[in-house]
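Each residue of the sequence shown is one higher than the one before, counting from 15 in my numbering.
Virtual Cβ for every residue (Gly too), placed ideally from N, Cα, C.
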Amino acid sequence: MGDFSLDNVNEMYMDVLKEIGNIGAGNATTAIAGMLGTQMKMNVPSVKLMDASKLGDAICPEEETIVGIFLEVKGGITGSMMFIMKMESAHFLVNKLMGREQTYNEPFDEMDLSAMKEIGNIIAGSYLSALAGMTNLVISPSVPYIAVDMAASILSVPAIQFGQYGDNALFIETEFGDDVLMDGYFILMPEPESYTKILSALGIQI
């Protein structure tokens with residue numbers, strides 16, 4: 015099989031990516047619900063391939079402050095991934111975890127950042143588990159890095175990283191929660207060689 019590019023992705027592979035997004039989002043919702051000791055529902059996630067330079071436009075204005083959790087992907091495939099939440103959703107999750115009133119809106123301290131990093135790690139791990147389960151590849155995330163900053167600043171880091179791998183990224187937008195629904199954004203970009211490994215594991219020909 016020759017070099018694979020997301021520019022020539024076929025319909026069957028796109029269906030697989032969507033299924034990974036569906037399973038990953040479901041696993042993540044279940045994991046977070048268990049962590050918070052509550053029931054959560056999830057809307058069907060939106061899964062698309064997107065130009066890495068346009069990711070910011072799909073999430074929020076570039077001057078808006080967001081939380082970004084960045085990891086490297088290791089093992090059977092390699093690449094980068096990021097989970098992003100808007101501040102309102104991030105505060106809601108952390109307040110739930112800390113047992114605070116939802117009106118609490120102070121800047122994140124070290125304990126809050128640690129809690130948010132763990133939440134992001136669980137969510138990212140859920141997506142990687144979905145991919146590993148479908149491909150039988152051993153895939154693991156690195157230690158996560160967390161940042162709270164303007165969207166333009168946070169997304170500039172993975173944009174440079176993603177630019178090493180290609181023009182497009184797998185972009186998954188999901189909505190989950192209990193009485194309050196939150197938006198979460200998951201971005202995955204494996205290195206080009208990893209696409210061929212995924213395709214080969216799934217028995218898909220380009």
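- In this structure, DSSP gives Gly139 a helical state, which the three-state scheme calls helix.
- For Leu63, the uninterrupted beta strand (DSSP E) segment begins and ends at Ser60 to Asp65.
- Nearest Cα to Leu127 within the set Ser154, Leu151, Gly82 and Ala146: Gly82.
- Tyr27 carries a helical assignment under DSSP once its states are collapsed to helix, strand and coil.
- About 16 Å separates the beta carbons of Glu187 and Pro75, which is beyond the 8 Å limit, so they are not a contact pair.
- Ranking Ile80, Val87, Met99 and Ala72 by CA distance to the CA of Met196 puts Met99 first.
- Closest option to Ile37, judged by alpha-carbon separation, among Lys211, Thr117, Leu184 and Ser140: Ser140.
- When DSSP assignments are scanned along the segment 33-120, the uninterrupted stretches of beta strand (DSSP E) that are 3 or more residues long and fall wholly within it turn out to be 60-65, 79-89 and 93-100.
- According to DSSP, residue pairing for Thr188 in a beta bridge involves Gly198.
- Non-local C-beta neighbours of Lys131 in its own chain, meaning closer than 7 Å and more than five positions away in sequence, comprise Ile83, Pro158 and Ile160, ordered along the chain.
- By a beta-carbon distance limit of 8 Å, Leu184 contacts Leu63. Their separation comes to about 6 Å.
- Pairing Met112 with Ser170, the inter-Cα distance amounts to about 31 Å.
- A distance below 7 Å between beta-carbons, with the five flanking residues on each side excluded, links Ala47 to the following residues of its chain, in chain order: Gln53 and Met54.
- Three or more Cβ pairs drawn from the segment 140-154 and the segment 87-96 lie within less than 8 Å of each other, which places the two stretches in contact.
- When secondary structure is reduced to three states using DSSP, Pro155 falls in the strand class.
- Taking C-alpha positions only, Asp29 is separated from Lys68 by approximately 22 Å.
- The shortest C-alpha to C-alpha distance from Leu50 to any of Ile136, Lys211, Leu202 and Ser214 is the one to Ile136.
- The C-alpha of Phe200 is placed about 24 Å away from the C-alpha of Gln116.
- For Val162, the CB contacts under 7 Å within the same chain, skipping 5 residues up- and downstream, are Thr79, Val81 and Phe122 in chain order.
- In this structure, the straight-line span from the alpha carbon of Ala165 to that of Met95 is close to 16 Å.
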